[in-house]
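In what follows, a structure is listed as structure tokens, so that the remarks can point back to it.
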Amino acid sequence: MTELPIRIDEEQCTKCTLCVQACPFDAISMEKKQFPYIDLEKCTLCGACVEACKFEAISIKEKAAAKAEDLDAYKDVWVFVEQHEGKINSVTYELLGEGRKLADDLGMDLCAVMLGSGVSDKADELTSRGADKVYLVDKPELEYFQDEPYARVPVKLVEDYKPNIFLCGATTIGRSLVSRVAVAAHVGLTADCTELAIDPETKQLLQTRPAFGGNIMATIISPNARPQMATVRHKVMKEAEPRAGRKGEVLIQEIAQDLLTSRTKRLKFVQEIESTVNIAEADIIVSGGRGLQKPENFSIVRELAEALGAGVGASRAAVDADWIPYSHQVGQTGKTVCPKLYIACGISGQIQHLAGMSSADVIVAINKDPDAPIFKVATYGIVGDLFEIVPMLTNEFRKILGN
Ligand SMILES: Cc1cc2nc3c(=O)[nH]c(=O)nc-3n(C[C@H](O)[C@H](O)[C@H](O)COP(=O)(O)OP(=O)(O)OC[C@H]3O[C@@H](n4cnc5c(N)ncnc54)[C@H](O)[C@@H]3O)c2cc1C
Numbered sequence: 006m007t008e009l010p011i012r013i014d015e016e017q018c019t020k021c022t023l024c025v026q027a028c029p030f031d032a033i034s035m036e037k038k039q040f041p042y043i044d045l046e047k048c049t050l051c052g053a054c055v056e057a058c059k060f061e062a063i064s065i066k067e068k069a070a071a072k073a074e075d076l077d078a079y080k081d082v083w084v085f086v087e088q089h090e091g092k093i094n095s096v097t098y099e100l101l102g103e104g105r106k107l108a109d110d111l112g113m114d115l116c117a118v119m120l121g122s123g124v125s126d127k128a129d130e131l132t133s134r135g136a137d138k139v140y141l142v143d144k145p146e147l148e149y150f151q152d153e154p155y156a157r158v159p160v161k162l163v164e165d166y167k168p169n170i171f172l173c174g175a176t177t178i179g180r181s182l183v184s185r186v187a188v189a190a191h192v193g194l195t196a197d198c199t200e201l202a203i204d205p206e207t208k209q210l211l212q213t214r215p216a217f218g219g220n221i222m223a224t225i226i227s228p229n230a231r232p233q234m235a236t237v238r239h240k241v242m243k244e245a246e247p248r249a250g251r252k253g254e255v256l257i258q259e260i261a262q263d264l265l266t267s268r269t270k271r272l273k274f275v276q277e278i279e280s281t282v283n284i285a286e287a288d289i290i291v292s293g294g295r296g297l298q299k300p301e302n303f304s305i306v307r308e309l310a311e312a313l314g315a316g317v318g319a320s321r322a323a324v325d326a327d328w329i330p331y332s333h334q335v336g337q338t339g340k341t342v343c344p345k346l347y348i349a350c351g352i353s354g355q356i357q358h359l360a361g362m363s364s365a366d367v368i369v370a371i372n373k374d375p376d377a378p379i380f381k382v383a384t385y386g387i388v389g390d391l392f393e394i395v396p397m398l399t400n401e402f403r404k405i406l407g408n
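Structure representation (structure tokens):
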């Protein structure tokens with residue numbers, strides 16, 4: 006008989022129902038009021054009931070480390086395709102670019118996993134950018150992102166096809182989805198990687214990410230579990246270029262209807278009004294920091310950004326002070342950006358800010374403190390008062406660019 010992953014000790018259990026109340030997935034019920042019953046279809050083994058039980062009556066079987074032959078059954082490099090209303094997020098192309106290298110090093114296929122409604126015509130775009138196979142789940146229920154079905158479907162595909170590596174963008178959607186998939190697959194997840202590589206000897210995925218506030222780079226491996234799962238930040242890796250005529254296999258997946266249900270429903274989608282240019286995609290960014298002194302002064306940064314057709318960025322200090330919404334924050338806990346030109350106004354350049362912008366092609370820093378750390382990464386440094394310099398730059402750019 007197969008041993009259940011979670012069990013309730015009948016002798017210890019007092020039928021107090023604390024576990025029923027604690028379960029966030031509604032997976033435990035009192036069977037005819039006799040004894041708690043766990044619905045394994047709903048249970049995610051999250052452990053909330055184990056913690057809630059005062060009588061130590063519930064236990065979860067720890068998953069044993071996988072054997073080498075089990076790991077060998079896991080093939081291919083998978084990339085989760087993030088799309089909104091049929092438009093593929095460019096982080097997907099970055100993952101395909103990186104995934105291609107990993108798949109080649111392993112001698113495996115690169116596969117894209119796309120969920121959505123009416124998106125089948127997008128598969129060619131993925132194969133032209135390096136995918137050998139596209140697992141396509143095209144269902145009306147997947148029209149827009151919802152946590153439950155969007156996590157259940159990849160879990161099912163992982164069970165069926167056993168990928169070796171599963172990559173996802175470290176975006177709002179990616180972070181929400183992939184953590185659920187990792188929990189359900191009982192594997193670890195390395196979030197926010199900045200570098201991925203294959204160890205030539207062990208063939209394991211080397212997942213490198215900043216640790217301890219960005220002061221060290223840690224390389225993480227998952228030797229005992231598959232798939233090896235990682236999220237990668239937007240703009241850290243180069244996009245795979247499309248190659249005309251490159252073809253791949255499109256595998257349409259039929260998914261049981263019960264996996265597509267959701268307890269939540271989207272009422273409406275509200276586009277953020279504030280942000281004019283999405284900084285993650287912008288070629289030019291003008292950013293403001295605490296040196297702006299008060300929220301009204303962000304107008305100086307916005308005017309320069311407008312003159313240049315740029316996006317507006319901010320340091321965390323400015324965001325924390327409520328001068329500008331979080332979507333503008335650049336840095337370790339904000340967005341990673343890689344524009345052609347980054348102008349930092351009144352930003353000191355702490356390591357956590359640099360983590361999000363130091364790969365910009367040209368960095369211009371305006372700061373009144375000549376010892377500010379931002380000058381160490383700046384291509385051009387202007388030491389002076391931003392309230393004089395930034396409006397001067399705006400006027401000059403307006404004259405030159407004619408707007
Ligand atoms: C775990 C963690 C995560 C973090 N994540 C992020 C992140 O994602 N992004 C981020 O930005 N920060 C992040 N931080 C915060 C970071 O450490 C800094 O506190 C923050 O970046 C400082 O913002 P700032 O440069 O605007 O402010 P300050 O460090 O206060 O710098 C203001 C600068 O403005 C200059 N200045 C003042 N007046 C003028 C003037 N009139 N003209 C010209 N220059 C002037 C000053 O000389 C100074 O250099 C994080 C911190 C932690 C601990």
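Using our numbering, the first residue of the sequence shown is number 6, and each one after it goes up by one.
Where is the CB? At the ideal position from N, CA and C, for every residue including glycine.
Computed from a prediction, not measured in an experiment: that's the story for all the values here.
With hydrogens ignored, establish whether the beta-carbon of residue i is closer than 7 angstroms to any heavy atom of ligand 1.
i      : result
Asp374 : yes
Arg390 : A small fix is needed here, since residue 390 is Asp in this sequence, not Arg. Yes, ligand 1 has a heavy atom inside 7 angstroms of this Cβ.
Arg321 : yes
His89  : no
Ser353 : yes
Thr338 : yes
Gln233 : no
His358 : yes
Val317 : no
Val335 : yes
Ile203 : no
Gly135 : no
Gly386 : no
Gly102 : no
Arg214 : no
Arg295 : yes
Ile305 : no
Ile371 : yes
Ala285 : no
Ala175 : no
Ala128 : no
Val407 : For the sequence presented, residue 407 should be read as Gly rather than Val. No.
Ala383 : no
Ala377 : yes
Gly179 : no
Gly361 : yes
Could you pull the start and end residues of the alpha helix (DSSP H) that residue i belongs to?
i      : result
Arg12  : Run containing Arg12: none in the alpha helix (DSSP H); it sits in the beta strand (DSSP E), Ile11 to Ile13.
Tyr149 : That residue, Tyr149, is in no alpha helix (DSSP H); it is neither H nor E in DSSP.
Arg403 : Leu391 to Leu406
Ala312 : Phe303 to Leu313
Gln26  : Leu23 to Ala27
Cys54  : Ala53 to Ala57
Met437 : The displayed coordinates of the chain run from 6 to 408. Any statement about residue 437 would go beyond what the structure contains.
Thr177 : Thr177 to Ala190
Asp325 : Arg321 to Asp325
Val382 : Ile379 to Val382
Rounded to whole angstroms, what's the CA-CA distance from residue i to residue j? Just pull it up for me.
i      : j      : result
Gly389 : Ala377 : 12 angstroms
Cys24  : Asp165 : 31 angstroms
Cys343 : Val160 : 32 angstroms
Gly104 : Gly174 : 12 angstroms
Asp14  : Ala62  : 5 angstroms
Gly354 : Leu297 : 14 angstroms
Pro215 : Cys116 : 27 angstroms
Glu16  : Val55  : 16 angstroms
Cys18  : Val188 : 27 angstroms
Glu130 : Asp110 : 23 angstroms
Lys144 : Glu36  : 35 angstroms
Met6   : Leu45  : Residue placement at Met6 is flagged as unreliable, the pLDDT there being 47, under the threshold of 50; the coordinate-derived value follows with that caveat. Each residue's alpha carbon lies about 16 angstroms from the other.
Thr195 : Phe402 : 43 angstroms
Ala136 : Leu101 : 7 angstroms
For a quick check, are the C-beta atoms of residue i and residue j less than 8 angstroms apart?
i      : j      : result
Ile170 : Leu120 : no
Lys243 : Glu99  : yes
Val86  : Ala108 : no
Thr97  : Val84  : yes
Ile352 : Leu313 : no
Val158 : Val142 : yes
Ser292 : Gly318 : yes
Thr384 : Val395 : no
For the beta strand (DSSP E) containing residue i, name the first residue and the last one.
i      : result
Arg214 : Leu210 to Ala216
Thr132 : Segment Ala128 to Ser133 is the alpha helix (DSSP H) holding Thr132; no beta strand (DSSP E) there.
Gln357 : Careful: Gln357 lies outside any beta strand (DSSP E), inside the alpha helix (DSSP H) at Ile356 to Met362.
Lys80  : Lys80 to Val86
Tyr331 : That residue, Tyr331, is in no beta strand (DSSP E); it is neither H nor E in DSSP.
Ser292 : Ile289 to Gly293
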